[in-house]
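Residue numbers (my numbering), protein chains in the order written: chain A, 85 to 417; chain B, 802 to 1120.
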Amino acid sequence: MRAAFQEIGKVLLLVTIALPASAQQPIIGLITKTSTNPFFVKMREGAEAAAKKHGARLVSGAGKNDGDNGGQVTAMENMIAAGAKVILITPNDAKAIIPSINKARAKGILVIALDSPTDPVTATDALYATDNYRAGVLIGQYARAALGTKPARVATIDLFPGHPVGAQRHNGFLKGFGLNAPAASVNTLGSAPEVVCMADSYGDQTRGQTAMENCLQKRPDINVVYTINEPSAAGAFKALKAKGKERDVVLVTVDGGCQGVRDVASGAIAATAQQYPVKMAELGVAAGMEFVRTGKKPTGYTDTGVNLIAGKAIAGVASKDVKTGLELCFGRK
Amino acid sequence: MKHRLLALGTLGPVLALLAACAFFATRSERFLTGDNLSIVLQQVMVVGVIAIGQTLVILTAGVDLSCGALMALGGIVMTKLAVENQWPVALALAAGLGVTTLFGCLNGLLVSRLKLPPFIVTLGTLNIAFAITQLYSNAQTVTDVPAGLTALGNAVQLGGTSVVYGVILMLGLFAFAAFVLSQTAAGRHVYAAGNNPEAARLSGIATRRVLLGVYVVAGLCYGIAALLSVARTGVGDPNAGQSENLDAITAVVVGGTSLFGGRGLVLGSLVGALIVGVFRNGLTLIGVSSVYQMLVTGILVILAVATDQLSRRLAQRGA
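In structure tokens form, the structure reads like this:
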């Protein structure tokens, strides 16, 4: 029995000796919306690689599903308890997460939002994200040019009511398409006479298909379709194909995941606006390490860039080809 | 009074469906076309087949929270084996159906042998099945599914309207389930075991075997729903089934099946599923946000449960 205690004592001694070595590595926390979405999987991989390069230790957590604020609050508390110096977060709920962020910042932790802003945006020290309004503008311009002079009958397959990213992409699309559109700061969906159907997909493939089917029942002559993301675009394409309309419709979307870019290559999607989760993670980790070393905090919004990936280039609209899109995409190549 | 309320439980959902159809037909001339109704049926075929299994479970005074997660698991297993492991379609399909049936069997054993509450058991298997689905698929959608697995998504022309094979399968399964439940000893045993398990046991019904059988058959239903989901979307989606989970329970409850067991008709669940589908489709046709569909569904759920409770109380008073 005593021998066993001695063994345990030795192990404990070893642990306490070993601890300071790892404690010297600053801890950077990353909290994503979910742990399963390929976009956030890629972001986490990017953050892990960047942390390793800078000699930091990355601790990651996530909400249980899209919209789960409670899970993110728990992850945040655990990271504060673990002694994180920097926390990077993609907020599931732009407002509800703010009390937790305030708690962390009051303890001197640097908090940076990635991918989605908090509301107000000043609740975090800095924001590294795609300009979703601009992403919408790019695909709107492309769709207008691809349609040519034909009169437009537009369907929008949206996210769900009240989400800033859903509103910014939708309104940006209207703007780029040359329709009357709300400004980037507005969180409600704009409409115009040319928009003949609006339906929610929740960013989901099956529900995107259902939404498109119902829109085609309302107006079989739809010739432009905007969708919130690539899974919902894949669903919309399935519905269009079932009606034999896949060649008569310009389908545009946002994300730039590898599967989405492949759908552009096959012609299912005409164009997508590609965003860059790894860049968000790299910038976040680099700024975090700068803060750990020098105490200097980053501020404001940094655009992590967006590129139009199109199957066919159209004169007057700047775009990149599918090959470039596949090199830069997230998800399984 | 008692009989009138009982009849309301059965007729109520049918009246609600007819009223919704009449409303949308007057607001949009496209609603009552064969083409549109065919679309609505396609949109409810997956949740409809899940609801058959769910009806059986709820008839035994249970509830199955794992239904959507099992469907997602079945869909991922059959598509991944067929696409990445190049299994023949029949074998991959059998494996998918086998996995959901086995999980149903696990639910059934825990409920009938260990006497654990169905709510807790299926909450557990919901999480287990979701986790296995994500790990096995690496959270990636399976694409390029062979034609054999999506054949049920093809359509046949019936009187100028295209009807998808999956819809015919769903309607066939409903008819079969209705027949078994009302005309066979096994079906009546399900009602008996749900209504009063002790009385059923004393009258010689092997209630534990009935319970186990119900969960196994429900598991098989979720496997068939998985095949329909793959056929409809053309992919194996690891995130499928998350809305179907509660939608199926909603369809059963709105369809008039009692959450306390022993009462209800499986065809009511079809009506319940159709009500949700008709509202989603009709609201889009008239250009109204689909959030109203949730509002209406919520009201119908409460009305259905209230009717059931009230008729139960009156029945007790009468006895």
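The beta carbon of each residue, even a glycine, is placed where N, CA and C say it ideally should be.
If you're wondering where the values come from, they're calculated on a predicted model, not measured in any experiment.
Taking the alpha helix (DSSP H) that residue i falls in, what are its first and last residues?
i	result
R1081(B)	V1067 to L1086
N153(A)	N153 to A165
T408(A)	V406 to L412
N873(B)	Per the sequence shown, residue 873(B) should be read as Ala rather than Asn. Residues C868 to V884.
Q301(A)	Q289 to K302
V334(A)	It is not in any alpha helix (DSSP H) - V334(A) instead sits in the beta strand (DSSP E) that spans V334 to D339.
L907(B)	V890 to S913
Y966(B)	Y966 to Q984
N928(B)	P919 to S938
A240(A)	Here residue 240(A) turns out to be Thr, not Ala, going by the sequence shown. Per DSSP, T240(A) belongs to no alpha helix (DSSP H); it is in the beta strand (DSSP E), V238 to D242.
I223(A)	N216 to L231
A397(A)	Unbroken run through A397(A): none, as it is neither H nor E.
G949(B)	A948 to T951
May I ask which residues mark the beginning and end of the beta strand (DSSP E) holding residue i?
i	result
V1031(B)	Premise fails: V1031(B) lies in the alpha helix (DSSP H), T1008 to T1034, not in any beta strand (DSSP E).
G384(A)	G384 to D387
R141(A)	R141 to A146
L194(A)	L194 to L198
D1048(B)	Looking at the DSSP string, D1048(B) is not in any beta strand (DSSP E); the run it does join, the alpha helix (DSSP H), is Q1043 to V1055.
T356(A)	A355 to Q358
I851(B)	Run containing I851(B): none in the beta strand (DSSP E); it sits in the alpha helix (DSSP H), G835 to L860.
T311(A)	V308 to T311
T116(A)	I111 to T116
Out of the options, point me to the one whose CA is closest to residue i's CA.
i	options	result
T337(A)	V308(A), K327(A), A326(A) and G379(A)	V308(A)
N216(A)	N313(A), L367(A), K404(A) and G415(A)	N313(A)
R303(A)	R989(B), M1095(B), G1083(B) and L816(B)	G1083(B)
T214(A)	Q289(A), Q156(A), Y385(A) and V170(A)	Y385(A)
G192(A)	T388(A), K380(A) and G400(A)	K380(A)
V900(B)	P918(B), G995(B), N886(B) and T934(B)	T934(B)
V1017(B)	N996(B), F832(B) and Q855(B)	Q855(B)
A425(A)	A365(A), G145(A) and V406(A)	Past the edges of chain A, shown from 85 to 417, lies residue 425(A), and the structure says nothing about it.
T927(B)	A1041(B), R1114(B) and A895(B)	A small fix is needed here, since residue 927(B) is Leu in this sequence, not Thr. Residue A1041(B) is the option with its Cα nearest to L927(B).
F920(B)	A820(B), V1011(B), N908(B) and V864(B)	V864(B)
T1008(B)	L1028(B), L910(B) and L950(B)	L910(B)
V947(B)	N886(B), G967(B), P918(B) and L936(B)	Checking the sequence shown, residue 947(B) turns out to be Pro, not Val. Minimum Cα distance to P947(B) is reached at N886(B).
V1077(B)	L833(B), T951(B) and L842(B)	L842(B)
E1045(B)	L871(B), E999(B) and K916(B)	L871(B)
In chain B, which residues lie with their C-beta within 9 Å of the C-beta of residue i?
i	result
K126(A)	Going along chain B, no residue has its Cβ under 9 Å from K126(A), so there is no contact; the nearest lies around 11 Å.
P204(A)	Residues of chain B passing the Cβ test: none, with the nearest at roughly 26 Å.
Anything in chain B within Cβ reach of residue i, meaning under 8 Å, just list it in chain order.
i	result
R253(A)	What R253(A) touches in chain B: nothing, since even the nearest Cβ is about 18 Å away.
C413(A)	Result: empty, since nearest Cβ-Cβ is about 13 Å, beyond 8 Å.
G319(A)	T1034
P245(A)	S1090 and V1092
Report yes if the CB atom of residue i is closer than 8 Å to the CB atom of residue j, and no otherwise.
i	j	result
G274(A)	P266(A)	yes
G1063(B)	A862(B)	yes
V143(A)	M163(A)	yes
A1049(B)	V890(B)	no
A357(A)	L231(A)	no
V333(A)	V279(A)	no
V845(B)	A978(B)	no
T1051(B)	V1102(B)	yes
V884(B)	A896(B)	no
G1088(B)	P814(B)	no
L300(A)	K327(A)	yes
K404(A)	N391(A)	yes
Find the residues of chain B that neighbour residue i, judging by a C-beta separation of less than 7 Å, and give them in chain order.
i	result
R416(A)	Q941
D284(A)	S1091
K329(A)	Per Cβ cutoff of 7 Å: no residues; K329(A) is ~13 Å from chain B at best.
K322(A)	T1034 and G1035
Counting only Cβ pairs nearer than 9 Å, list the residues of chain A close to residue i.
i	result
Q844(B)	Q293, T294, E297 and N298
G995(B)	Ordered by position in chain A, no residue passes the 9 Å Cβ test against G995(B), which lies about 32 Å from the chain.
D1038(B)	D288, Q289, T290 and P315
For a contact defined as C-beta to C-beta under 8 Å, what are the partners of residue i on chain A?
i	result
L1086(B)	N298, Q301 and K302
Q935(B)	T120
R1081(B)	T294 and N298
N837(B)	Q301
R914(B)	Neighbours of R914(B) on chain A: none; closest Cβ ~31 Å, over 8 Å.
T962(B)	Within chain A, no residue comes near T962(B); the closest Cβ sits about 13 Å away, beyond 8 Å.
Residue i and residue j look like a contact to me (Cβ under 8 Å); what is the Cβ gap, rounded to whole Å?
i	j	result
P382(A)	D209(A)	6 Å
P110(A)	K169(A)	5 Å
L112(A)	G372(A)	What sits at residue 112(A) in the sequence shown is Ile, not Leu. Contact flag correct, Cβ pair sits at about 5 Å.
G995(B)	C906(B)	That belief does not hold up - the Cβ atoms of G995(B) and C906(B) are roughly 19 Å apart, past 8 Å.
R253(A)	A219(A)	6 Å
V964(B)	S839(B)	6 Å
Under 7 Å Cβ-Cβ, which residues of chain A neighbour residue i?
i	result
A1041(B)	T290
Of all Cβ atoms in chain C, is any one closer than 8 Å to the Cβ of residue i?
i	result
I840(B)	Absent from the structure is chain C; the protein chains it does hold are A and B.
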